[in-house]
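Encoded as structure tokens, the structure appears first; notes follow it.
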Amino acid sequence: MFPQLSLSKDRLREELIDYQVTDSKQLPQEDNIDRFWGLLGKDVRFSELPRLMKALLCIPHSNASSERVFSMVRKIVTENRMSLDNSTVCALLACKINHSGPAYKYTRSKKVLKNAKSATYLHNKSLVNVREPHE
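Anchor point for the sequence shown: position 8 equals -5 in my numbering, and the numbering is continuous, going up by one each time.
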């Protein structure tokens, strides 16, 4: 299941049985589940079980977050923007994810503004060079 954890199945089985029969008053009194398993892992009786449980807690419970990203990409790559380069789509997606709120509230640094103007200038220059016939 989790080969990188290299868990002993027999030891894990013993710890699970021990955990199930242990009185709840002897277990850590912690509501936060990852802290609970962290504290339980300090108990010499439980070495494998908390490691497995912490690994299981890392597994996403749904695909909602990835669906949100696909939705954002669909809004970026529209019918009129099909020729966007992959790196541009990734950059726009990173901006969307890292800067919540409307675009007009985004305050850009002088460096970002300079780079944007430079990129626009180079792009416009390349378009002019394509249109001019070579002599």
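Yeah, the Cβ is synthetic: ideal placement off N, Cα and C, and Gly gets one too.
Query: Rounded separation between Thr94 and Asn85 - CA only; Result: 13 Å
Query: Residue range of the unbroken alpha helix (DSSP H) whose run includes Leu(-8); Result: Leu(-8) -> no alpha helix (DSSP H), and no H or E assigned at all.
Query: Distance between beta carbons of Asp21 and Leu(-1), contact taken as under 8 Å; Result: Not quite, the Cβ-Cβ distance comes to about 19 Å (not below 8 Å), so this is no contact.
Query: Rounded straight-line distance, which links the Cα of Lys104 to that of Ile125; Result: Absent from the structure is residue 125, since the part of the chain shown begins at -12 and ends at 122.
Query: Inter-residue CB distance, Gly25 and Arg38 (contact presumed, cutoff 8 Å); Result: No, Gly25 and Arg38 are not in contact; Cβ-Cβ is about 10 Å, not under 8 Å.
Query: Distance between Leu36 and Asp(-3) (C-alpha atoms, nearest Å); Result: 11 Å
Query: Glu2 burial status per 10 Å Cβ neighbour count (16 or more: buried); Result: buried
Query: Of the listed residues Phe33, Ala51, Leu(-8), nearest to Ile4 (C-alpha basis); Result: Phe33
Query: The alpha helix (DSSP H) enclosing Met40, as first and last residue numbers; Result: 35 to 44
Query: Every unbroken alpha helix (DSSP H) within the stretch 40 to 93, with a cutoff of 4 residues, ordered by chain; Result: 51 to 63, 73 to 85
Query: Length of the line joining the Cα atoms of Lys112 and Pro89; Result: 31 Å
Query: Endpoints, alpha helix (DSSP H) assigned at Ala28; Result: The sequence given here places Gly at residue 28; Ala does not occur at that position. No alpha helix (DSSP H) holds Gly28; DSSP gives it neither H nor E.
Query: Close-in-space but distant-in-sequence residues of the same chain around Leu80 (CB under 8 Å, 5 per side omitted); Result: Val56, Met59, Val60, Ile63
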